[in-house]
Structures are given as structure tokens and as C-alpha cells.
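Heads up, the thing below is written out as C-alpha cells.
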Amino acid sequence: MTKRDDIPQTYYDGRECRQRGSNKLANPFSAISIKGAWWLAGFNDMDMELTHETQTNGPAAPPAPGSGSLAA
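Using UniProt numbering, you'd call the opening residue of the sequence shown number 1 and step up by one each time.
Encoded structure:
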């Protein structure tokens, strides 16, 4: 079994959603469900990666509309 087989697709769906600039309200699952937790974990992991990139590579891109960011 590969490492990726241990992680459900919903995790990667959350990562892709964050990379496209969507917000946490795009989570198609209940916040208290297992799938919802995996989706949110992927979303948050990608968010940390994007934040790290902007801190090391220059100014951050503007937040996505409706993202709820206080930086807007």
C-alpha cells in the first residue's frame, strides 16, 4: 500500500479547492463528519503551504472574494 492510499480523496479535494481560491464554506460535507474533517485538513494544509510560499517569495496575492479574510 502506498502512502497516498492511506489518505482519502476528500483530503485532496480540499487541497484543490483551496488552491483554486475557494473558501471553507465550499466544503461539501458536514463539518462534524469524517469526510468533512479530511476535506478541511486538506484545505488547511494547502493554506499553510500557500502562506509559506508568499512569506518566502514576496507579497501575498489578494484573498479570494468572500474568503472571510481579515486582510481584505
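Beta carbons: idealized from backbone N, C-alpha and C, even for Gly.
Residue i versus residue j - alpha carbon distance
i, j, result
"residue 45", "residue 15", "7 Å"
"residue 32", "residue 26", "15 Å"
"residue 54", "residue 34", "30 Å"
"residue 56", "residue 49", "11 Å"
"residue 1", "residue 23", "In this prediction, residue 1 scores a pLDDT of 42, lower than 50, which makes its location untrustworthy; no coordinate-derived value is stated."
Check whether residue i and residue j have beta carbons under 8 Å apart
i, j, result
"residue 11", "residue 41", "yes"
"residue 43", "residue 36", "no"
"residue 20", "residue 47", "no"
Among the options, the one whose alpha carbon lies nearest that of residue i
i, options, result
"residue 8", "52, 20 and 38", "38"
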